[in-house]
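These notes concern the structure reproduced below.
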Amino acid sequence: MEAVTVSGDVENGKNMEEDGCFKRGQQAPYIRFNNNCLYEMEDRDDGAHMFASDILSSLELPLSAPKIPDNMIIRPLRIDDYKRGYLQLLSQLTFVGDVSEEQYRQRFLSMQSTRPKSYYVVVIEELSTRTLVGSATLVIEWKFIHEAGCRGRTEDVVVDKRMRGKQLGKLLNIYLVQLARRIGVYKMSLECKDALIPFYGQVGFKVDEGNNFLVQRFA
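Using full-length UniProt numbering, read the sequence shown as starting at 1 and increasing by one per residue.
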């Protein structure tokens, strides 16, 4: 298994005004630190979503992006998605264990409340069954390096076995890449099995020659 990485363009931003070490956009409530990473200054949703739901609809997707089926929607994870089978979906990817609804809610709230926001979980819901059939997570690491920049990581990409072959995984990855570009990461990376390198190559990832993915497991 090798580390796969793609560099993300840092968004220059428009209509910014100097404000000390920050530059505040007129399209508030976003804030940009040292011309680099863009993040939300405050919650703009009802608290049910992990992040503001209008961010996804504002992203500019490439013309090659697959179309989401009419009976599905793509949106941020919600605090009530436990009952829509979110953990069962994740169990198709890796071990989840026994997680109660209360534990789910507490973990959701802790991820939702990070400042600057660090977790963007994007899901696909099948409307006819009210169940989740796809999910992917963008994790933002806030750095001192790269002029106090930020780095993106793709995590926990999974599509329900019944829905594979519909390009939902590709669509989720396109959304994560465009979201990371919007935020302004200087680099985006992921770890995957060798067999999946061509899949992630479809959305711009490539093997970072000379680097390897190492791990220590404790549980």
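C-beta atoms are modelled at their ideal positions from N, C-alpha and C, and glycine is treated no differently.
Interface flag, residue i vs chain B, CB-CB below 8 Å
i, result
"Leu89", "Considering every chain present, this structure includes no chain B. It has just one protein chain."
Assigned secondary structure, residue i (DSSP; H/G/I helix, E/B strand, else coil)
i, result
"Arg162", "helix"
"Phe120", "It is worth fixing the name first, because residue 120 is Tyr in this sequence and not Phe. The answer is strand: DSSP assigns Tyr120 an E or B state."
"Leu59", "coil"
"Ala148", "helix"
"Leu138", "strand"
"Leu93", "coil"
"Arg115", "coil"
"Gly204", "coil"
"Ile174", "helix"
"Ser128", "coil"
"Pro69", "coil"
"Glu155", "strand"
"Glu209", "coil"
"Arg182", "helix"
"Arg84", "helix"
Rounded straight-line distance, which links the Cα of residue j to that of residue i
i, j, result
"Ser91", "Met163", "15 Å"
"Lys170", "Gly210", "26 Å"
"Gln167", "Arg217", "32 Å"
"Ile140", "Tyr186", "11 Å"
"Gly165", "Ser57", "24 Å"
"Asp208", "Met72", "35 Å"
"Phe144", "Val203", "28 Å"
"Ile68", "Ile74", "8 Å"
"Gly184", "Cys150", "7 Å"
"Thr94", "Gly201", "22 Å"
"Phe205", "Val177", "10 Å"
"Pro76", "Gln88", "17 Å"
Same chain only: Cβ atoms within 7 Å of residue i, ignoring 5 sequence neighbours per side
i, result
"Ala65", "Leu171, Ile174"
"Ile79", "Ala48, Arg105, Phe108"
Beta-carbon contacts of residue i that lie in its chain and below 6 Å, excluding the five residues immediately before and after
i, result
"Asp156", "Thr137"
"Gly134", "Ile124, Val159, Leu168, Leu172"
"Ser128", "Asn71"
Beta-carbon contacts of residue i that lie in its chain and below 8 Å, excluding the five residues immediately before and after
i, result
"Ser118", "Met111, Val139, Ile140, Glu141, Trp142"
Item checked: Three or more C-beta pairs below 8 Å linking the region 115–131 and the region 77–86 -> These segments touch.
Item checked: Any 3 or more C-beta pairs closer than 8 Å across the region 86–98 and the region 46–57 -> In this structure the region 86–98 does not touch the region 46–57; the number of beta carbon pairs closer than 8 Å is below three.
Note to self: Under 8 Å: do the region 100–111 and the region 61–76 share three or more Cβ pairs, one atom per stretch?
What the structure shows: With the cut-off at 8 Å, the region 100–111 and the region 61–76 do not touch.
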